[in-house]
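Asks:
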Amino acid sequence: MSAQMDKRRPYVRSMNSWWKRDPFFVRYMVMEATSVLVALYAVILLVGLLRLSQGEAAFNGWLGALESGPSILLHVLILVVFLYHLWSWFKVMPKTLPMIFVNGKKLPADTITYTGVLLAVVVNLIVLIILV
Amino acid sequence: MADTTKTIEIEVLRYRPEQDKEPFFQTYTVPFEDDWSVLQGLQYIKDDLDGTLSFRWSCRMAICGSCGMMIDGKPRLACRTFLRHYHPNKLRVGPLEHFPIERDLVVVVEDFIRKLESIKPYIIPKEPRKLEQGEYLQTPAQLEQFRQFSGCINCMLCYAACPQYGLDSKFTGPGVLALMHRYNADSRDGGRGERMALGHSEEGFWGCTAVTYCSEVCPKDVDPANAINQNKMGSAIDYFLRFVAPRGAGK
Amino acid sequence: MTRSNAPLVWSLFGAGGVLAALVGPALVFVTGIAVPAGILMSHDLMSYQRMFGFAQSWAGKIIILAVIVLFLWHAALRIFHMLHDFGIHPGVASKLICFGLPFLCTVAAFYWVLPI
Amino acid sequence: MEVFKADVAIVGAGGTGLRAAIAVAEADPSLKVALVSKVYPMRSHTVAAEGGAAGVVQDHDSLEYHFNDTVGGGDWLCDQDVVEYFVAHCTEELTQLEHWGCPWSRKPDGHINVRAFGGMKIERTWFAADTSGFHMLHTLFQTSIKYPSIKRFDEYFCVDLVVEDGRCQGVVVIEVATGRLTFIQAKAVIMATGGAGRVFRENTNGGIVTGDGMALAYRHGVPLRDLEFMQYHPTCMPGTGLLFTEACRGEGGFLLNKDGYRFLQDYGLGPAEDKPRNKYMELGPRDRISQAIWHEEKKGRTISTPYGEVVHLDLRHLGERKLRERLPLIYELAEEYMDIDPAHSPIPVRPGIHYTMGGIYAKLNTETPLPGLYAAGECAGNGVHGANRLGSNSLVDIIVFGKLAGVEAAKFSKSTQFSNPAALETQAKAVQERAIGLVTKTGGKEKHSVLRREMGKSMENGCGIYRTAAEMQATCDKLGELRERYKNLDVEDKSNVWNNDWLGALEVGYLLQVAEVVAHSALNRKESRGAHQRLDGYEQRDDANYLKHTLAYCTGDGPPRIEYQDVVITKSKPGTRAYGAAGDKAEQERKKEAGHG
Ligand SMILES: Cc1cc2nc3c(=O)[nH]c(=O)nc-3n(C[C@H](O)[C@H](O)[C@H](O)COP(=O)(O)OP(=O)(O)OC[C@H]3O[C@@H](n4cnc5c(N)ncnc54)[C@H](O)[C@@H]3O)c2cc1C
Ligand code: SF4
Ligand code: F3S
Ligand code: FES
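So the sequence lines, in the order shown, correspond to chains S, X, C and L.
For the first sequence, our numbering gives the first residue as 1, with consecutive numbering after it.
For the second sequence, our numbering gives the first residue as 1001, with consecutive numbering after it.
For the third sequence, our numbering gives the first residue as 2001, with consecutive numbering after it.
For the fourth sequence, our numbering gives the first residue as 3001, with consecutive numbering after it.
Here's what the structure looks like:
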């Protein structure tokens, strides 16, 4: 009977470009991809730090580079990415917190997301105000 | 029965291991009523057009978990998805993603079952209790801590949704990890320590990258993404606490 | 089951993610757009003197390190996952790139900021 | 052919089979259990049960009340010794499930909560929202994983029993994934294959509820008992037959006719009050309510839809919040399947076949007349439900008698030896050839889907809520014809891997046999009792002639031979079965009488 066993021939599908299959995955990948610009921004700051430690001339060179058109454009892009990060971070937040019960009812995911977003907006504004 | 005037084209992924080298789409034209589910469409095909089409089903009411399949690319229960939502377009039906295809719309689920068995999905009593002592007391609030996670019908839609499972099937996956959390979170249970070795591993919570599509497709609002990700913080704390207090919490 | 070491990077990832959401947009706006372009804010805000003074204080050092290091590690884990998602499975090479580089940058950041 | 040796083989892994398997494992861990199911255990139809399971817990309730409700509800066709055992063990078994983790709904103080159910005098139905069966099944399945002695055969389809030396010694099964047959040699076999609701067209049952175990036992000479009693559930979704649980009414739902009138008050179930009252109105028993709907239809007071006449199940006054909390599945069914928001519109419903009261003849201790064969759960006719089962009695039936079957089969298997496999294997091989022959045979003309449809329709015509001799006879004739046509079957799919065209054909074979027993048992019972109601001069219960169980025996290739057997009466003399105010009166009179006597 083992001959019959061989008739079972499970077919395994490929995972190639799986992330194109569903808009949900595309959104997920975009969220993951924000990291590239986050990393870039961190590196820009790191270079700034290096320049700072090397003295005024070096630092001013770095500042100068920041003032260039392409740099400003790049930072606009980075800003957009950070804003998307902000949104997507709190969108996922309800999944990462233990369930919260208020008066015996589970706190809805949206409430958590919007509270988070609101908090982030406020903190960002405070940072801005302090800096100005 | 009402007059049947509408028809819809259903493209079904066929694969018969004894004769087909690889899967292909076959199109059937199905007359339908407005309240027909995709499952009813498939049953029509099986009964009236092509008896060789294989798929799993039983309850027809979204509770037995048999009829999960990809419907226009989304993991769904065929018995709870309605043809009218696709008409007048055609509709594509395929077996659940990320599982090997056994035949037609039937996938091999042994891996899922093995995983389910591996997490000790039963009460390991905190305090043993005799039947004569009656039930354990459990307040509605304590019940709420795990009730949602106990609603899993093992339909595996979340597995078809989770790319991490698709990329590496060693990952225990959303549904089963939610079940693990269900027992850990039950006030009657004291078995968390025994289950967490898996939880702390790469095959456990850490195999998840928080894609969260699993929760999106779950037909029973189990929210497996939450069951997994709310455990990451605890698992991380435990990771570091180990060094401070080697016989620390939860093992 | 072997215990995953993921919590090491994951903790930094999480902290970085929170920080990036809470202060990231404001920082990017100030350091990359407003100050350089002179919109709403003056160039002075990021003058060498101010920045140097800032980096001299302990609070300043901590803030600088937190932002750079945590942002980096936040990104590192995601990039690591992305490689995996594109079918490059976690191996020595991808770990070296994803975690080795941020580690070097972290060391460098400390090395540069502490003497200031 | 592959042979697997087990001390106990269990066919069916629904609530019954799983509970039995655990019982064997707990009785003696050295006993090897083979647990066979044609679907993964958690797909078994126990999963669909919504409302709950009965067990006496409240102080003002008693076993005697539960006994009286069950026996009266069964129109005195229950074997009272069986019912006594049953009610005495319900609560203990439900508590056992609680200990195993079943998420029963709770009261604020942490104790089990209970709800009202039709035909029950006191609230005693344990529930887990409206997915009680789902939670019971998953709890049992997951708990069974703890026991290494239980070897599961998931997606193995049982094609026959092997009987030798006058005792049942195993089963032959098909592995669905490969089409390969295996002989499971066993010292004892438990049938736990569930009901046969699929002999009818419009029903609440899953596609797998095809009476397989009943037909298999029947073929081997075990009589099927009381199969004419097929329960109609009054509140089903038109068309699909999907169930709206009785708990809808337990929570306070109303049944309205087309004039918005609570018509049950016209059928001896009144008076109508706003609050649900046990055994009154909507909380009357299923047979009575289904019959009332039938009468309303005849009076032209129902609502016409493309799927036939309906009445309204009105839950609006319960409010969305309560509905979402207590009846979430019902809410979802109405919204998704019918596009109706039950908090704002009434739900159209009509009666559909729901439960098989009869089944494989088994005694109190679950043994059948065939030594080594046990039967429990919905496939068994052990006399606990009589002529009409009360809602929430079945989910306890399956665990109380599932456990008992496990204990008894374990005992039996220890008292006996494996016999020489050679003789058994010859038999098993013959079974294999027959099963495979069904596929390989060519030249047939009949499609099993066609036979199934004709059967379902004919059963509805002849064996519906009300029956007449002429219609039943027509159905018997039709079923005889289908039996002949089945011989000329053509199975389209000839492959081995996951060939459920083949399994479907086998199932239709089982269905046809069971249907024939239902129809002939019905035709022969010349009275009206419980779910068996006649309109042709036998409208009354006839205790003189028919306070008896029907036993249907297989006669080979022909209709069954019908015999009768006395009902076991211990303490409840057959009385008038009345509900509503009339029921209270009848009970008072009975008490008075008992006081005098
Ligand atoms: C919609 C619905 C709602 C209900 N609600 C309630 C309720 O609220 N309260 C209540 O008390 N009762 C209720 N019932 C009734 C109750 O659920 C059933 O009577 C009970 O679950 C039957 O359990 P079982 O274990 O006997 O059979 P099932 O759960 O049907 O299991 C049968 C098993 O046998 C296996 N099997 C069958 N044939 C074969 C074969 N040939 N080979 C291998 N395996 C086979 C199947 O795979 C399955 O595992 C409800 C029923 C339905 C349909
Ligand atoms: S978690 Fe949801 S999607 Fe996953 S198996 Fe369970 S019910 Fe299905
Ligand atoms: S989709 Fe997969 S990656 Fe995690 S959140 Fe869900 S398990
Ligand atoms: S048939 Fe049971 S879930 Fe669809």
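Even glycine gets a Cβ: it sits at the ideal position worked out from N, Cα and C.
Every value quoted in this text rests on a predicted model; they were computed, and no experiment measured them.
1) Could you check whether the Cβ of Gly3597/L sits closer than 8 angstroms to any Cβ belonging to chain X?
2) Can you determine whether any heavy atom of ligand 2 sits closer than 7 angstroms to the C-beta of Leu2022/C, and answer yes or no?
3) Look at Gln3332/L and Gly3359/L and say whether their C-beta atoms are less than 8 angstroms apart.
4) Which same chain residues, not among the five before or five after Ile3022/L, have their C-beta less than 6 angstroms away from its C-beta?
5) Alpha carbon to alpha carbon, what distance is there between Lys3573/L and Lys3592/L?
6) Does DSSP put Asn3068/L in a helix, a strand or coil?
7) Using a Cβ-Cβ cutoff of 7 angstroms, what residues of the region 2030-2054 of chain C are near chain X? List them in chain order.
8) Counting contacts by CB-CB distance shorter than 8 angstroms, is Thr3468/L in contact with chain S?
9) Can the beta-carbon of Val1108/X be found less than 8 angstroms from the beta-carbon of Pro1100/X?
10) Check the Cβ-Cβ distances between Ser2011/C and every residue of chain X, and say whether any is below 8 angstroms.
11) Whole beta strand (DSSP E) runs in the region 2020-2074 of chain C with 3 or more residues, listed along the chain?
12) Do you know offhand how far Tyr1122/X's Cα is from Ser1235/X's?
13) Just confirm the distance between the C-beta atoms of Ala3192/L and Val3008/L, as a whole number of angstroms; I'd bet it's less than 8 angstroms.
14) Would you say Ala1249/X reaches chain C, if we count a Cβ-Cβ gap shorter than 8 angstroms as a contact?
15) Please report whether the beta-carbon of Tyr1239/X lies at a distance below 8 angstroms from any beta-carbon of chain C.
16) For Asn3205/L, which option in Ser1058/X, Asp1050/X, Ile1010/X and Gln1019/X has the closest C-alpha, if you only look at C-alpha atoms?
17) I need the DSSP call for Glu3367/L, collapsed to helix, strand or coil.
18) Along chain C, in chain order, which residues have C-beta atoms closer than 9 angstroms to that of Leu86/S?
19) On a Cα-Cα basis, can you pick out the residue from Gly3207/L, Asp3566/L and Ala3519/L that is closest to Leu3479/L?
20) If I follow the unbroken alpha helix (DSSP H) through Thr1029/X, where does it start and stop?
21) Under 7 angstroms: does the beta carbon of Trp1036/X sit that close to some heavy atom of ligand 4?
22) Shorter than 8 angstroms from the beta carbon of Ser2/S to some beta carbon of chain X?
23) With a 10 Å radius around its C-beta and 16 neighbouring C-beta atoms as the bar for buried, classify Trp2058/C as buried or exposed.
24) Taking all protein chains shown into account, decide if Ala3594/L is buried (16 or more other Cβ within 10 angstroms of its Cβ) or exposed.
25) Just the Cα atoms here: how many angstroms apart are Glu1144/X and Arg3326/L?
26) Within 8 angstroms (strictly less), CB to CB, does Val3171/L reach chain S?
27) Which residues bound the alpha helix (DSSP H) around Gly1199/X?
28) Kindly indicate which three-state DSSP category Ala3088/L falls into: helix, strand or coil?
29) Asp3501/L and Val3491/L look like a contact to me (Cβ under 8 angstroms); what is the Cβ gap, rounded to whole Å?
30) Tell me the DSSP secondary structure of Val3114/L in three-state form.
31) Comparing alpha-carbon positions, which option in Glu3273/L, Met3459/L and Gly3530/L lies nearest Phe3200/L?
32) Please list the partners that Glu1194/X has in chain L, where partner means a Cβ-to-Cβ separation under 8 angstroms.
33) Flag this pair as touching only if the region 20-31 of chain S and the region 1212-1221 of chain X have three or more C-beta atom pairs under 8 angstroms; answer yes or no.
34) Can you name the residues of chain L whose CB is closer than 9 angstroms to the CB of Thr1052/X?
35) When DSSP builds the beta bridges, which residues end up paired with Lys1074/X?
36) Taking only the alpha-carbon atoms, compute the straight-line gap between Val122/S and Ala2021/C and give it to the nearest angstrom.
Replies: By the coordinates alone:
1) Residue mapping note: residue 3597/L aligns to position 597 of the fourth sequence, counting from 1. Interpretation of Gly3597/L is limited by its pLDDT of 46, a score under 50 that renders its predicted location unreliable; the figure taken from the coordinates is listed afterwards. No, no contact with chain X.
2) The residue labelled residue 2022/C in the question sits at position 22 within the third sequence. Leu2022/C: no, Cβ never under 7 angstroms from ligand 2.
3) Here residue 3332/L refers to the residue found at position 332 when the fourth sequence is read from its first residue. Here residue 3359/L refers to the residue found at position 359 when the fourth sequence is read from its first residue. The sequence given here has Glu at residue 3332/L, not Gln. Contact: no.
4) As a working note, residue 3022/L is residue 22 in the fourth sequence. So the list reads Ser3144, once near-sequence residues are dropped.
5) Here residue 3592/L is taken as the residue at index 592 of the fourth sequence, counted from 1. Here residue 3573/L is taken as the residue at index 573 of the fourth sequence, counted from 1. Near 14 angstroms, if we compare the C-alpha coordinates of Lys3573/L and Lys3592/L.
6) As a working mapping, residue 3068/L is identified with position 68 in the fourth sequence. Helix at Asn3068/L.
7) none
8) Residue 3468/L sits at position 468 when you count from the first residue of the fourth sequence. Taking Cβ atoms only, chain S never reaches closer than 8 angstroms to Thr3468/L, which makes this a no.
9) Sequence index remark: in the second sequence, residue 1108/X carries index 108 (1-based). Sequence index remark: in the second sequence, residue 1100/X carries index 100 (1-based). Their beta carbons are under 8 angstroms apart, which means Val1108/X touches Pro1100/X by this criterion.
10) Along the third sequence, read from residue 1 onward, the residue named residue 2011/C stands at position 11. So yes, Ser2011/C belongs to the interface.
11) none
12) What you label residue 1122/X is simply residue 122 of the second sequence in a count that begins at 1. What you label residue 1235/X is simply residue 235 of the second sequence in a count that begins at 1. Distance between the alpha carbons of Tyr1122/X and Ser1235/X is about 21 angstroms.
13) What you label residue 3192/L is simply residue 192 of the fourth sequence in a count that begins at 1. What you label residue 3008/L is simply residue 8 of the fourth sequence in a count that begins at 1. Rounded, the Cβ-Cβ distance is 11 angstroms, inconsistent with contact.
14) Translated into positions along the second sequence, residue 1249/X becomes position 249. At Ala1249/X the pLDDT is 45, less than 50, meaning the model places this residue with poor confidence; the figure from the coordinates comes in the next sentence. No, no contact with chain C.
15) Here residue 1239/X refers to the residue found at position 239 of the second sequence. Yes, its Cβ sits closer than 8 angstroms to a Cβ of chain C.
16) For the purposes of this step, residue 3205/L is taken as residue 205 along the fourth sequence, with counting starting at 1. Nearest of Ser1058/X, Asp1050/X, Ile1010/X and Gln1019/X to Asn3205/L, Cα basis: Ser1058/X.
17) Reading the fourth sequence from its first residue, position 367 is the one you call residue 3367/L. Looking at Glu3367/L - three-state DSSP - the assignment turns out to be strand.
18) Mapped onto the first sequence, residue 86/S falls at position 86. Correct list: Ala2020, Ala2021, Leu2022, Gly2024 and Pro2025.
19) Looking up residue 3479/L in the fourth sequence gives position 479. When each option's Cα is compared against that of Leu3479/L, the closest is Ala3519/L.
20) Taking the first residue of the second sequence as position 1, residue 1029/X is located at position 29. Taken as a continuous stretch (DSSP letters only), Thr1029/X belongs to no alpha helix (DSSP H), being part of the beta strand (DSSP E) at Phe1024 to Pro1031.
21) Stepping through the second sequence from its first residue, residue 1036/X is reached at position 36. Checking the Cβ of Trp1036/X against ligand 4 gives no.
22) On the first sequence, residue 2/S is found 2 positions in, with the first residue counted as 1. Residue confidence is low: Ser2/S scores 42 on pLDDT, short of 50, so the model does not pin down where it sits. No coordinate-derived value is stated.
23) Sequence index remark: in the third sequence, residue 2058/C carries index 58 (1-based). The residue is exposed, with fewer than 16 neighbouring Cβ atoms inside 10 Å.
24) Taking the fourth sequence and counting its residues from 1, one reaches residue 3594/L at position 594. Exposed: under 16 other Cβ atoms inside 10 Å.
25) Taking the first residue of the second sequence as 1, we reach residue 1144/X at position 144. Taking the first residue of the fourth sequence as 1, we reach residue 3326/L at position 326. Distance between the alpha carbons of Glu1144/X and Arg3326/L is about 14 angstroms.
26) Translated into positions along the fourth sequence, residue 3171/L becomes position 171. Closer than 8 angstroms: no.
27) By one-based count along the second sequence, residue 1199/X stands at place 199. Arg1192 to Gly1199 is the span of the alpha helix (DSSP H), which, as asked, contains Gly1199/X.
28) Start at 1 with the first residue of the fourth sequence, and residue 3088/L comes out as number 88. In the structure shown, Ala3088/L sits in a helix (DSSP, three-state: H, G or I).
29) On the fourth sequence, residue 3501/L is found 501 positions in, with the first residue counted as 1. On the fourth sequence, residue 3491/L is found 491 positions in, with the first residue counted as 1. Correct: roughly 6 angstroms between the Cβ atoms.
30) Position 114 of the fourth sequence, counted from the start, is the residue given in the question as residue 3114/L. Strand.
31) On the fourth sequence, position 200 is the one that residue 3200/L refers to. Taking only the C-alpha atoms, the option nearest Phe3200/L is Met3459/L.
32) Position 194 of the second sequence, counted from the start, is the residue given in the question as residue 1194/X. Near Glu1194/X there are no residues of chain L at all, since even the closest Cβ is about 12 angstroms away, more than 8 angstroms.
33) yes
34) If you number the second sequence from 1, residue 1052/X lands on position 52. Residues of chain L passing the Cβ test: Glu3492, Asp3493, Lys3494, Ser3495, Asn3499 and Asp3501.
35) Within the second sequence, numbered from 1, the residue matching residue 1074/X stands at position 74. Answer is Ile1071/X, bridged to Lys1074/X.
36) What you label residue 122/S is simply residue 122 of the first sequence in a count that begins at 1. What you label residue 2021/C is simply residue 21 of the third sequence in a count that begins at 1. Distance between the alpha carbons of Val122/S and Ala2021/C is about 11 angstroms.
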